[in-house]
């Protein structure tokens, strides 16, 4: 699966949805117009046979159209806004409980570990994890507009009845939804359905309020005529139109959703290389008497997010998920269709063994070639998961546990920014003291001591681990953290690459959570794509090079990755580059089409890897750039040296 | 035509009311969530205190009253915390919890003040570890409390703004109470250290 192709297709699909939906709106407008016209005519007692030819009434049509469209648009936008405001509200609405970071419960621990492994392996911040304690069925869902603001929730049944492999399969399936941006499409669909739904609601409201009061009045009048009858007719029509519209838009929504589910199953297997896990989870759902059904009253609202069908459905057409048996056969061709009855007692737990730390060789030479790296974006393999497991195992357990608490997470993030040079460090701590909290500097230096026990390549993963806790700060505390980050970075009057990397990742993900309506970054006029590319690639070329000639070679290698003659970036001299320019460049490039972003990322990898080695710092920078471009990149796997392949980048392009 | 306009305005009003209601729910969820963070830390603290007292007992043989006072205060605070966790922000529960916490802080403060006079206890490793852990948990409580108070403040402001206040009054969004301790006592506890 190619992340960028997939994103490209997702955009096309969204385009189609808009066309389909516009058709639905047109149909609705015409139907409403017809209803209103008939009502108006009958209210003025125009006999049926005099209607012909006068059916078209331009002024009335445009009025009706304007109101209908405005109503649908307002309702859609409102719904989309309400649901996208926070993933949190969706989960809490379903009775979700945030997982206690200090959970001693072994099942909760296991879930937390599985989610963390998957997040580190795919290079995204760890999402917030919730359980639905009141739900005995087996189901799970992921919500969130993007990876910075996402949450994963599992039911109680999912937590306790599945084996670790099965749980991993389910979590991988949900991660695939997050990485593929399915939530975004789902959200739009939800909004659109709601827009049409409101027409029906309006109809039933009119019926209810006028129907009763008019009951007595109607008897006194002659039958069929009068304003009251007309209004009731319009109300009934609106109700019918709304219901029919909702039926069709739901069909569209369900059809799209079924496709996405199959894709998520496929990616889930690709991530874990273990079809048996996912198939096992599905079989357990099939064997459980209540299956994946949810009990919460508001379960329908999020139906398309679920791992498996959350509602009882009458027909296959309305199902948001393909039938269980079909999904299982897709993973396990030998499946005969018989679901063994699922035990109601929780599975026995094996002890959570930290991954084998010794399995990872020293991370000095990292394999990196544009093709493989691009292919890895938004996807991960069992190797990535193994790597994540062993990396996590080498982070001391104490640090790993405590970083799930906001208070510690804050200190650890600041400690990551402390310089190795004692002088700079002292200046930085002094800058922290100036913020007015005498304890903060002390905590940060203690956290820094704890950090030294973790391997260097775990720095970015540690940040990913800290993000869920940081999302739980209050806005005021977030403001303080931002100020402290700012102080630390400016204390040594120059911004290093790692500092920049960290700031990028941290602020990008936290700002998405705390400042959803972020104003465009101030800083000069919009720049051209070519200019942005020049800045980005020059920066990377210089970062790994010792002399200008090497930088030029790296830049050439990068440019070779860009197809066609559309873009001719130029190598800028080192003096002309600063991080502000890089910031602006990344901001511009983030808005480009997915396919182009794939090429840009390939060029970045080439620029960094052309000298035959990728240092940890370069790897981190690469991942931060990728992250800033909105493409989550799994960690570069250490151990394999880059061979001749990279010496001849052009040979690969064919 | 006028009928349509009235209808449009009506729809707009309904949409606005629903939006305001959802916003209130979200704000309330947020502060409740923030309270669960405090709760986690408080529980950990209540678990630590008996161990601490157990360790100190061997040295402070003649100070039984002080030690018992700590345990009593700890039990009261623990009960109050359970009640507050069942209804975060509920004024009487929050007031009780704050009162119990202040009392516990005072009792602990007296115990540590006594301990100053016992050099053996001061150099006991277990005691040092426990009091270190207690101090760090205090910090976490304080931090979580700040987050909770911020969230409560946002909720209270949200429900008092004019048109929303009518809705809030009608739908039972009552005022939530801040979790505030008297500062003098709080400082005393945090400063404790055996070095």
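Residue numbers (my numbering), protein chains in the order written: chain A, 91 to 744; chain B, 4 to 198. Glycine residues also receive a C-beta, built at the ideal position from the N, C-alpha and C atoms.
Per DSSP, the beta bridge partners of residue 187 of chain A are A:221. Look at residue 543 of chain A here: in three-state DSSP terms it is coil, with no helix or strand label. For residue 244 of chain A, the enclosing beta strand (DSSP E) has its first and last residue at 241-245. Considering only A:288, A:318, A:286 and A:285, the residue with the shortest C-alpha distance to residue 299 of chain A is A:318. Note: residue 233 of chain A is bridge-paired with A:241 in the DSSP secondary-structure output. For residue 158 of chain B, the enclosing alpha helix (DSSP H) starts and ends at 128-163. Residue 497 of chain A counts as buried, since no fewer than 16 other beta carbons sit within 10 angstroms of its beta carbon. Less than 7 Å separates the beta-carbon of residue 560 of chain A from that of residue 499 of chain A. Selection A:214, A:158, A:707 and A:260 evaluated against residue 363 of chain A yields A:260 as nearest (Cα-Cα).
The Cβ atoms of residue 25 of chain B and residue 172 of chain A lie closer than 7 Å to each other. Using a Cβ-Cβ cut-off of 7 Å, residue 135 of chain B does not count as an interface residue toward chain A, since no Cβ of chain A sits closer than that to its own.
Residues of the segment 17-31 of chain B with a C-beta less than 7 Å from any C-beta of chain A: 18, 22, 25 and 29, listed in chain order. The beta-bridge partner set that DSSP reports for residue 396 of chain A consists of A:231. At a cut-off of 7 Å between C-beta atoms, residue 353 of chain A does not count as an interface residue with respect to chain B. Residue 589 of chain A counts as buried, since at least 16 other C-beta atoms from the protein chains shown sit within 10 angstroms of its C-beta.
With contact defined as three or more Cβ pairs closer than 8 Å, the segment 330-338 of chain A and the segment 353-360 of chain A are not in contact.
The beta carbon of residue 593 of chain A sits closer than 7 Å to those of 575 and 579, all from its chain and outside the five residues before and after it, given in chain order. Interface flag for residue 43 of chain B against chain A is set, since a Cβ pair is found closer than 7 Å. Sequence-distant partners of residue 117 of chain A (beyond 5 residues in either direction) whose C-beta falls short of 8 Å from its own C-beta, in its chain, are 335. Interface with chain B (7 Å Cβ-Cβ cutoff): residue 157 of chain A is included. Contact between the segment 65-81 of chain B and the segment 105-119 of chain B is present: 3 or more CB-CB pairs across the two stretches fall below 8 Å. Nearest CB-CB separation between residue 131 of chain A and chain B: not below the 7 Å threshold. Counting only residues of its own chain and dropping the five nearest sequence neighbours on each side, residue 634 of chain A has a CB closer than 7 Å to the CB of 644, 698, 701 and 708. Within chain B, no C-beta atom comes less than 9 Å from the C-beta of residue 504 of chain A; the nearest is roughly 14 Å away.
For residue 558 of chain A, the enclosing alpha helix (DSSP H) has its first and last residue at 549-560.
Runs of alpha helix (DSSP H) with 4 or more residues, each lying fully within the segment 145-176 of chain A, are found at 148-175, listed in chain order.
Between the alpha carbons of residue 619 of chain A and residue 673 of chain A lies a gap of roughly 13 Å.
Rounded to whole angstroms, the separation of the alpha carbons of residue 725 of chain A and residue 473 of chain A is 10 Å.
Note on geometry: alpha-carbon atoms of residue 150 of chain B and residue 494 of chain A lie some 15 Å from one another. In terms of CA proximity to residue 233 of chain A, A:274 leads the group A:274, A:383 and A:222. Distance from the CA atom of residue 189 of chain A to the CA atom of residue 237 of chain A, rounded to whole angstroms, is 19 Å. Pairing residue 599 of chain A with residue 215 of chain A gives a Cβ-Cβ distance under 7 Å. Taking 7 Å as the threshold, the shortest C-beta distance from residue 182 of chain A to chain B falls below it. Residue 146 of chain B reaches chain A at 496 and 497, counting residues in chain order whose Cβ is nearer than 7 Å.
The beta carbon of residue 513 of chain A sits closer than 6 Å to no other beta carbon from its chain once the five residues preceding and following it are set aside. A straight-line Cα-Cα distance of about 5 Å links residue 624 of chain A and residue 660 of chain A.
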